[in-house]
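Undergrad: The following block contains the structure, expressed as structure tokens.
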Amino acid sequence: MAPNVLIFGATGGVGSFTTLAAHALGANITLAMRDTSKPIPNLPSSLSTSLPRVHADLTDPTSIHTAVTTSHATAAFIYCAFGAPDHMRGAITALKAAGVELVVFLSSSSIKGDVRAVPPSDFIPWQHAQVEIVLEEVFGPAGYVAVRPGYFASNLLVHAKRVAKGEVVTMPYPEAEFDYVVPGDIGRLVAQREVVRAMGKAVGKEVTIEGFTEEEDAVKFVVENLGLPELAAKQLVKGFRAVAEGLDVFEKTEYEEAVANIEKYGGKKATTVYEWVEENKDKFV
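Heads up: the sequence shown at position 179 corresponds to 179 in UniProt numbering, and the numbers run straight through without jumps.
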């Protein structure tokens, strides 16, 4: 019998591709959404309109319990609800109480080592670590999977309008290098500056890239364009600066294992960020 899967965050890049993957594997999918009228990107229109949708909010345990019982879900895909006062314990407990047996959690590669040793001052990894701790306490070690990707390639779309017009693109620390995560897998290590230039090249535009002169402007940019709370934005910009100044965030063995996991669990080799740019150039023209 095909499993019943409840997917939160389907309007996002990762959530929509999770929906596609689960559908390809034959799962019965229900989309849990704050606004059930919102369009779902990356899905064929026939699939987007045929999948059942239920109202649910990861900060509202009652709505979660209702969504699970309505969909008869035994598995769920969730993401981190930043700022939840109980580190999503109410949401996770509601999933368990309503009948979910397995949770896949979109965590963060910024978590290193013991999740209980992550300091609160490291806001992004700490927030995700607290959710992982709650998942282990509620579901047990075998009842959840924490997926820890790095920096999403789709975040680059915040520069799309300026790239399309051939305007100057201003970003935090453009020389910082990251392993961009395509919504389905992991790309190659490359500087932000070079990726945005590649975006311009794909649509026939010469793009000039500049860094912010003031860090507070960089934080404001991240808050307004990526939708992160200020503490998370400050942490992200701090990370950009550290990488730009030479911090190696990709330990060789860990990095090689992560890239290999794409083919091991996803069934295909990792997509490079340049391939992603070419495949998505219609989004910044």
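Think of the CB as a built atom: it goes at the ideal place given N, C-alpha and C, for glycine as much as any other residue. Note that this is a predicted model, so its numbers are computed, not measured.
What would DSSP say about Ala73, mapped onto helix, strand or coil?
TA: In the structure shown, Ala73 sits in coil (DSSP, three-state: anything other than H, G, I, E or B).
Undergrad: Which residues does DSSP list as the beta-bridge partners of Val104?
TA: Looking at the DSSP assignment, Val104 forms a beta bridge with Phe77 and Val145.
Undergrad: Which residue or residues does DSSP assign as beta-bridge partners of Thr30?
TA: Answer is Leu6.
Undergrad: For Glu101, I'd like the list of residues in its chain whose CB is within less than 6 Å of its CB, leaving aside the five on either flank, ordered along the chain.
TA: Excluding residues within five positions, the ones whose Cβ falls inside 6 Å are Thr74.
Undergrad: Determine, using beta carbons only, whether Ala218 and Glu278 come nearer to each other than 8 Å.
TA: Taking 8 Å as the Cβ cut-off, Ala218 and Glu278 do not qualify as a contacting pair.
Undergrad: What did DSSP end up calling Met88 once you bin it into helix, strand or coil?
TA: Note: Met88 maps to coil in three-state DSSP.
Undergrad: In angstroms with no decimal places, state the Cα-to-Cα distance between Met137 and Gly204.
TA: Correcting the residue identity first, residue 137 is Glu in this sequence and not Met. Cα to Cα, Glu137 sits roughly 52 Å from Gly204.
Undergrad: Kindly indicate which three-state DSSP category Thr213 falls into: helix, strand or coil?
TA: Coil.
Undergrad: Leaving out the 5 sequence neighbours to the left and right, which residues in its chain are closer than 7 Å to His128 when beta-carbon positions are compared?
TA: Correct list, in chain order: Cys80, Ser107, Ser108 and Ile111.
Undergrad: My output table needs one value for Asp114: the three-state DSSP class, helix, strand or coil.
TA: Looking at Asp114 - three-state DSSP - the assignment turns out to be coil, as it is neither helix nor strand.
Undergrad: Please give me, in chain order, every unbroken run of the alpha helix (DSSP H) with length at least 4 that falls completely inside the region 228-276.
TA: The qualifying runs are 230-244 and 252-266.
Undergrad: Taking only three categories from DSSP, how would you classify Asp35?
TA: Coil, per DSSP.
Undergrad: What is the rounded straight-line gap between the Cα of Ala270 and the Cα of Val223?
TA: Distance between the alpha carbons of Ala270 and Val223: 29 Å.
Undergrad: Inspect the beta-carbon positions of Leu25 and Ala10 and report whether they are closer than 8 Å.
TA: Their beta carbons are not under 8 Å apart, which means Leu25 does not touch Ala10 by this criterion.
Undergrad: If you draw a straight line from the alpha carbon of Asn4 to that of Ser45, how long is it in whole angstroms?
TA: Distance between the alpha carbons of Asn4 and Ser45: 21 Å.
Undergrad: From the DSSP secondary-structure annotation, give me the bridge partner or partners of Val131.
TA: In the DSSP output, where bridge partners are listed per residue, Val131 has none listed.
Undergrad: Return helix, strand or coil for Thr170, following the three-state DSSP convention.
TA: Strand.
Undergrad: Rounded to whole angstroms, what is the Cα-Cα separation between Ala21 and Pro172?
TA: Ala21 and Pro172: Cα-Cα distance of roughly 33 Å.
Undergrad: Start and end of the alpha helix (DSSP H) containing Val54?
TA: Careful: Val54 lies outside any alpha helix (DSSP H), inside the beta strand (DSSP E) at Arg53 to His55.
Undergrad: Is Pro174 near Ile209, with beta carbons less than 8 Å apart?
TA: Their beta carbons are under 8 Å apart, which means Pro174 touches Ile209 by this criterion.
Undergrad: Helix, strand or coil for Asp60, going by three-state DSSP, please let me know.
TA: Note: Asp60 maps to strand in three-state DSSP.
Undergrad: Just the C-alpha distance for Thr62 and Val54, rounded to the nearest angstrom, thanks.
TA: So the alpha carbons of these two residues sit roughly 13 Å apart.
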